[in-house]
Structure formats: C-alpha cells, structure tokens
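Structure follows, in structure tokens:
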C-alpha cells in the first residue's frame, strides 16, 4: 500500500526547485503532525536558495511554519488535535561540549528545519512535542513572526543594553525593526535608523520604530552618511548592523562610540569578509557580538503579500528581487 503524499516545495540542489509530491511525515511516538497554515518567507531563504547558510540538499525549506495539529504520537501529553502551534526549528544533540554547558545554539551537531532538514514549505510537517508552542490570542499569520521575534529578543539578551544608551540601527528589515522597538523598551534613550528610502523605511516610520531616521539615497548615500557623522561626532553606544551587506558591516565599526558595542545582526554571503584594524577595537575598547538571525518577509500582518503554494517562482522573485530561480 502506497504512503499518503503531500505537495511540497522541493529542492534537489541549490537553485533547482519544483512543486513535488512527497510522503507525508510519519509521526513518531513523541511527535505532533501539523497541517501547515502559514510559513514565513525569510531573507535567509535567499541564501539557502544559493546553497549557503548551512543548507543541505535535497531539502524542503521553510523555517517559520505555523499549523494546526492533526495527529499526535502516543507519548504526547501536552498537545491534542486542533491545537494551533508554532515551533522551535533548531535540532540539537543535547550531548555535545556546548549542549552540556547550556549553549544549545552552539551545538556541534546543530541542524535546523527548513535549512538542513525538511521544513514548512509543505502541506504537513512533524515536530517533537518539546519543540512546539501553542498559539493563543494571535492569528496564525501573526504567529509566523514568533521565530524572528525570538531572534531579536536573543540579540537584546546578548548585548545587555544599559539604560540611556544611544543606538544606531543600520537597515530597516522586519527583524531589525523588532530589535529597534525592543531596545527602546529596554532603556535606549535614542534610536536612529539608517536605511535606504523605500517601503521598509516607510514601515519603520509608521510603527515609530525609532526616534530619528536617516534615509539613504541608493545611488549616492555619501551625503547622508556624512550628515550622520556630523550630527553624532562621538558615535553611538550600540551599533546594530542588520543589512547583511559586506560594505556596510565594514564601515559600521566607525560609528561605534569608544567603549561601545557592535552587534553583527545580518546574514551575509559566505564569501563576505571584513578587515578592521585590531588597534581600533583594542584602543577604543569596542565589544563585537553576533547572534543567529533570520529575517522574515512578513513585516506587518495587516499589510503583507501572500504566496500560493502552486506558484513558487513568482513569490521567490517578489521576495528576493531576483530572476535566478531556475
């Protein structure tokens, strides 16, 4: 007897994908099978498409899945059919050097659903019960933001901002905007966002994500950068690089105040490199941090685009602005 199947966005290798019929995951004793209702499209998916960011093929991508429980394993106690859920996508061994020290994000055997293991761009996905969280008062669409919000919270936990800190956020992507709001809630006295003119900056202003905005001219941003340095000659206590652009991270160190902090928050091409003088970091006592980050395509649940499973190429182009999909 043949196994039941589902439709999934299936990559045979980097850049090569199609809609394919694949077996529905078999539910293990401690797992819950979700019927996927939404799955966020993330900026990281563009890197996965290129074969970067730990991607392993063949692969069903999608690491921001939300769904409703349709089957539960016999050992599952805290979930039942009909529960709406969102999941932690990390897969850790819980036994390596780092896991035994409570640093599971640094697991030597770390994998992630939708990156190096089958993800949520499919009709169904199964998760162990300890990786699931019930959704209560928000919609399934809003719940796609749970994972990127967790990334932003982790960023705040890492840098431990002091009350009264002045912050520069480079880039106005969705997760960066979450982080800017969290920094304001955690005592930042001033948050400045510097980003290209366009819809992202418009959204930043609409939600009042910052106290000041530097709109960069894509063709000639030099005057705006010069104005930023003129208005803030001593730089900022905290600089967050959230663009994933090599040239921006290279220059970001120059906006950090002496004794300040740089948070490397973007996702970069594997070939990206920076070269900062060690004397700059040493002499100015600059702390440099990085946190794992995933950008989501959905910035505001009330103002977003949705993609149909049957037309993957169209929405990949709309999200990533590229015609490289084969």
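Residue numbers (UniProt numbering): 1 to 326. Idealized CB from N, CA, C, for every residue including glycine.
(Q) Give me, in chain order, the residues of the same chain whose beta-carbon lies closer than 6 Å to that of residue 146; leave out the 5 immediate sequence neighbours on both sides. (A) 86
(Q) Rounded to the nearest angstrom, what separates residue 5 and residue 270 at their Cα positions? (A) 35 Å
**Q.** 7 Å CB neighbourhood of residue 213 in its chain, flanking five on each side removed
**A.** 193, 201, 204, 205
(Q) Using 8 Å as the cut-off, can you tell me whether the segment 240 to 253 makes contact with the segment 99 to 113, which would need three or more C-beta pairs spanning the two stretches below that distance? (A) no
Q. From residue 189 to residue 149, what distance separates their C-alpha atoms?
A. 21 Å
(Q) Which of the three DSSP states is assigned to residue 8 in this structure? (A) strand
Q.
Tell me whether the segment 135 to 142 and the segment 155 to 175 touch, counting them as touching only if at least three CB pairs, one residue from each stretch, are closer than 8 Å.
A. no
Q: Quick one: residues in its chain with C-beta nearer than 7 Å to the C-beta of residue 117, no 5 flanking neighbours on either side, listed in chain order?
A: 91, 111
(Q) Could you check whether residue 39 and residue 327 sit closer than 8 Å to each other, using their CB atoms as the reference points? (A) This structure does not reach residue 327, given that the chain is present from 1 up to 326, and the question cannot be answered.
Q | residue 193 - DSSP class collapsed to helix/strand/coil | A | strand
Q: Would you list the one or two residues that DSSP bridges to residue 17?
A: 11
Q.
Please state the DSSP three-state secondary structure of residue 261.
A. strand
Q: With DSSP as the reference, label residue 3 as helix, strand or coil.
A: coil
Q. Among 267, 246, 265, 268, which one has its Cα closest to the Cα of residue 276?
A. 246
Q) Any idea if residue 2 is buried or exposed, counting beta-carbon neighbours within 10 angstroms, 16 or more meaning buried? A) exposed
Q.
Using C-beta distances below 6 Å, list every residue in its chain close to residue 72, excluding the 5 sequence neighbours before and after it, in chain order.
A. 32, 79
Q) Do residue 195 and residue 119 come within 8 Å of each other at the CB atom, strictly closer than that value? A) no
Q: Determine the closest residue to residue 24 out of 18, 8, 14, with distance taken between C-alpha atoms.
A: 8
Q) Which whole runs of the beta strand (DSSP E) in the segment 43 to 102 are 3 residues long or more, in chain order? A) 65 to 72, 84 to 87
Q. Buried or exposed: which applies to residue 77, given that a residue is buried once 16 or more other Cβ atoms fall within 10 Å of its Cβ?
A. exposed
Q | Own chain residues within Cβ distance below 7 Å of residue 82, not counting five before or after | A | 68, 69
(Q) So, does the segment 14 to 23 touch the segment 214 to 221, judging by three or more C-beta pairs under 8 Å? (A) no
**Q.** Expected contact under 8 Å - CB spacing of residue 167 and residue 256 to nearest Å
**A.** That belief does not hold up - the Cβ atoms of residue 167 and residue 256 are roughly 11 Å apart, past 8 Å.
Q: Leaving out five residues on either side along the sequence, give the residues of the same chain with a beta carbon under 8 Å from the beta carbon of residue 156.
A: 179, 182, 183, 186
Q.
Less than 6 Å between C-beta atoms, sequence neighbours within five positions excluded: which residues of the same chain meet that for residue 274?
A. 249, 250
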